[in-house]
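So in the numbering used here, the last one in the sequence shown is 1669, and the numbering has no gaps at all. Scroll down for the structure; my scribbles are underneath it.
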Amino acid sequence: MPTSSVTCLGPSIYNGPITLGVSVGNSAASGTISGTAAVTQTDNTVVSDPFALNVQDLQPVSGLVDVPSAVTAAPGQSVVVPWTLKNTSVNSYGSGVVGDTVVFTAPVNTTFPVQASVPAQFSSDDGATWGLSNIVVSGCTVSNAGHTLTCAAGYNNLSWDPTVLERFNPTVTVDAAAPAGAALTGGSGVFRYSPAGFSPTDITASLNINTPAANSVNTGTPANANPTAASLLPVPASALSDSGNQEALAYTGAGGVESLAIWAGIALLAGIVIAFMARSAKRRKSE
């Protein structure tokens, strides 16, 4: 049971302070706890001195929410992936304490390269512009075969006001064998944050990467050769399409008006050949 009084025996005290160790119960409400320290001197004179202890029932940090976003990176590419939180509460949060951390987990089919620190930024205009944050993410180490990045969180007089965004920017490498056209899920970061007046709180937000689609060409239905048809290609140039952004695709096609020009060219060439053959035959006959 909790003890409300204690008696100590010790040497005489001459004009020195007395330090008391006090343990506050988990159910204690916020407020002031008062007590008295009484010292019995060697001549049995009792000297009493009141003391007070301020108790604050700390609540966890609230209202810091994930602002998801995704970057696109090809297999084998290293990119900066934003991890973003927004303060949606009415509280202005200050600096945390020594020992606060940020632990990132890489998305599937990705790893973290070695990086000593992670750039941090803030935005007070909902992401339109970004400046250097007063949160410092440094002392980073990579573990778990590249899938975990652990960093220390430090502060330079932080004031995280309502509506302000804070963004951490770790570098992530996409595996060379990552599938094309896929959302690489499972990435996250956990920020252990302990601002003054609040209990230490773990805040989680996402890390998201997409891979581009593989290059492909849609040419429509295969053509059937038919010299009497109006067009050699059943697919007009406007119906041809490509997907993927690795290389630009150039294509040409003949259809409609274009096919008439082709047939006119063929007819002109045939006329020239026939005229040449007729002239040659006439020359041989005259000889």
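Glycine is no exception: its CB is placed at the ideal position from the N, C-alpha and C atoms.
| query | Terminal residues of the continuous beta strand (DSSP E) containing Asp1448? | reply | The continuous beta strand (DSSP E) containing Asp1448 extends over residues Leu1446 to Asp1448.
| Buried or exposed: where does Ala1419 fall if 16 or more other Cβ atoms within 10 Å of its Cβ makes it buried? | exposed
| message | Is the separation between the beta-carbon of Ile1591 and that of Gly1569 shorter than 9 Å? | response | yes
| said: With three or more beta-carbon pairs closer than 8 Å as the criterion, would you say the region 1424 to 1436 touches the region 1454 to 1461? | reply: no
| task | Express the C-alpha separation of Thr1493 and Val1554 in angstroms, rounding to a whole number. | result | 6 Å
| query | How big is the Cα-Cα spacing for Phe1504 and Arg1574? | reply | 18 Å
| said: Quick check on the burial criterion: 16 or more other C-beta atoms within 10 angstroms. Buried or exposed for Ile1517? | reply: Ile1517 counts as buried, since at least 16 other C-beta atoms from the protein chains shown sit within 10 angstroms of its C-beta.
| Inter-residue spacing [alpha-carbon to alpha-carbon] between Leu1514 and Glu1548 | 10 Å
| Between Gly1445 and Asp1508, what straight-line distance do the alpha-carbon atoms span, to the nearest angstrom? | Rounded to whole angstroms, the gap between the alpha carbons of Gly1445 and Asp1508 is 16 Å.
| First through last residue of the beta strand (DSSP E) which encompasses Gln1497 | Unbroken run through Gln1497: none, as it is neither H nor E.
| query | Which two residues bound the contiguous beta strand (DSSP E) that contains Trp1465? | reply | Residues Trp1465 to Asn1469.
| How would you label Val1429, buried or exposed, when you count the other beta carbons within 10 angstroms and need 16 or more for buried? | exposed
| task | Evaluate Pro1489 with the Cβ neighbour count: other Cβ atoms within 10 Å of its Cβ, from every protein chain shown; 16 or more gives buried, anything less gives exposed. | result | buried
| query | The beta strand (DSSP E) spanning Gly1536 covers which residue range? | reply | Element bounds for Gly1536: Thr1530 to Tyr1537.
| query | Would you say Gly1521 and Ala1502 are within 9 Å of each other, going by their C-beta atoms? | reply | no
| query | Val1554 lies in the beta strand (DSSP E); which residues open and close that run? | reply | Here the beta strand (DSSP E) through Val1554 covers Thr1553 to Val1556.
| Do Asp1543 and Asn1491 come within 9 Å of each other at the CB atom, strictly closer than that value? | No, Cβ-Cβ distance for Asn1491 and Asp1543 is not below 9 Å.
| What is the DSSP secondary structure of Leu1651, reduced to helix, strand or coil? | helix
| query | Is the beta carbon of Ser1576 sitting closer than 9 Å to the one on Val1484? | reply | no
| message | For Gly1569, report the span of its beta strand (DSSP E) as first-last. | response | Ala1565 to Tyr1575
| task | Rounded to whole angstroms, what's the CA-CA distance from Val1500 to Ala1562? Just pull it up for me. | result | 27 Å
| message | Output needed for Trp1512: all residues of its chain with C-beta closer than 6 Å, excluding positions within five of it in sequence on either side, in chain order. | response | Gln1503 and Ser1505
| Does the Cβ-Cβ distance between Gly1476 and Tyr1537 come in under 9 Å? | yes
| Residue range of the unbroken beta strand (DSSP E) whose run includes Val1443 | Here Val1443 belongs to no beta strand (DSSP E), and DSSP marks it neither H nor E.
| Between the Cα of Thr1470 and the Cα atoms of Ala1498, Val1443 and Val1463, which residue gives the shortest distance? | The shortest C-alpha to C-alpha distance from Thr1470 to any of Ala1498, Val1443 and Val1463 is the one to Val1443.
| query | Is the beta carbon of Phe1486 sitting closer than 9 Å to the one on Thr1530? | reply | yes
| Which residues in the same chain have their Cβ closer than 8 Å to the Cβ of Ser1460, if we skip the five residues on either side of it in sequence? | Result list for Ser1460: Pro1495, Thr1553, Val1554, Thr1555 and Val1556, in chain order.
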